[in-house]
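Below: the structure, in structure tokens.
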Amino acid sequence: MNKLLILTLTTLLISCNQGVVVDDGNWSGTINENSEESKIIRKLSKAYVDGNFEITAEYMADDAVNTVNGVEYGKDEWIAAYKRDQEIFDDIQQNNLTITTMYYNNGRIFTNHWLTWYGKSKITGESKNIQYYGNWEWKDGKIIATGGIIDPTWYGGEIARYLESQN
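Quick note on the numbering used here: the sequence shown kicks off at 2 and runs consecutively.
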């Protein structure tokens, strides 16, 4: 009787275990925190904080499409704008950094980049923490597109003040 009970319970447990179901849809795939792409974005993130963002050029295709809050920039313009942050803000930090790369079943590769941006305005002396999300699309080992989303209220206001002071 005990053997029958054990056999029945074991059969029930095994039959109830569905395991991991792999989704083979185009926008499913695998994610990797330690991929070469993720390591490069960590390097570029540090370069931004250190004021050396121009090194991004070596990883980016010349015709890359870059957007921030829906506004499109060319490669050189985009790199210069991020580098300009060093002229506007002191003590730039990227805290709570999370970087992962997604390899989609359709062949596309994106690195996702979440962080809390911190900076102190050189103009007003005010400092803020702002949530940021960025994505980097890869093809043939190069960044072909980027997208960034950041609350522009304070950050954009400080940039506008800076640009006005340059006129």
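Just so you know, even glycine gets a beta-carbon here, dropped at the ideal spot from N, CA and C.
Cα-Cα, which of the options is closest to residue i?
{"i": "threonine 125", "options": "Ile41, Asp91 and Val66", "result": "Asp91"}
{"i": "glutamate 159", "options": "Lys40, Glu138 and Gly120", "result": "Gly120"}
{"i": "threonine 180", "options": "Trp139, Asn67, Lys84 and Trp155", "result": "There is no way to answer for residue 180, as the model of the chain reaches only from 2 to 168."}
{"i": "tryptophan 79", "options": "Ala161, Lys40 and Phe54", "result": "Phe54"}
{"i": "asparagine 107", "options": "Val21, Val23 and Asn27", "result": "Asn27"}
{"i": "lysine 84", "options": "Tyr74, Ile93 and Gly52", "result": "Gly52"}
{"i": "aspartate 64", "options": "Asp152, Tyr74 and Ile131", "result": "Tyr74"}
{"i": "threonine 99", "options": "Val22, Asn33 and Val21", "result": "Asn33"}
{"i": "glutamine 132", "options": "Tyr104, Glu165 and Asn70", "result": "Asn70"}
{"i": "asparagine 97", "options": "Tyr105, Asn130 and Thr68", "result": "Asn130"}
{"i": "glycine 149", "options": "Ser46, Glu165 and Lys4", "result": "Ser46"}
{"i": "methionine 61", "options": "Ala48, Thr68, Lys76 and Ser128", "result": "Lys76"}
Is residue i helix, strand or coil by DSSP?
{"i": "glutamate 138", "result": "strand"}
{"i": "isoleucine 80", "result": "helix"}
{"i": "asparagine 3", "result": "helix"}
{"i": "isoleucine 124", "result": "coil"}
{"i": "glycine 75", "result": "coil"}
Am I right that residue i and residue j are in contact with their C-beta atoms under 8 Å? What's the rounded C-beta distance?
{"i": "tryptophan 118", "j": "glutamine 95", "result": "6 Å"}
{"i": "tryptophan 137", "j": "isoleucine 42", "result": "6 Å"}
{"i": "tyrosine 163", "j": "isoleucine 89", "result": "5 Å"}
{"i": "isoleucine 93", "j": "valine 66", "result": "With a Cβ gap of about 25 Å, isoleucine 93 and valine 66 do not count as contacting."}
{"i": "threonine 105", "j": "glycine 30", "result": "First, the amino acid is wrong: residue 105 is tyrosine here, not threonine. Going by Cβ atoms, the distance from tyrosine 105 to glycine 30 rounds to 4 Å, so yes, they are a contact pair."}
Let me see if you follow: with CB-CB separation under 9 Å, is residue i close to chain B or not?
{"i": "alanine 48", "result": "Looking for chain B here will not work: only one protein chain is present."}
Report task. Please confirm if the region 110–117 is in contact with the region 127–147, defined as three or more CB-CB distances below 8 Å between the two stretches. Result -> Enough Cβ pairs lie closer than 8 Å, so yes.
Query raised in the report: Taking the runs of the alpha helix (DSSP H) that are 4 residues or longer, which of them lie wholly in the region 13–69?
Result: 37–51
Requested in this report: Starting from the N-terminal side, write out each stretch of the beta strand (DSSP E) that is 3 residues or longer and does not extend beyond the region 83–113.
Outcome: 90–105
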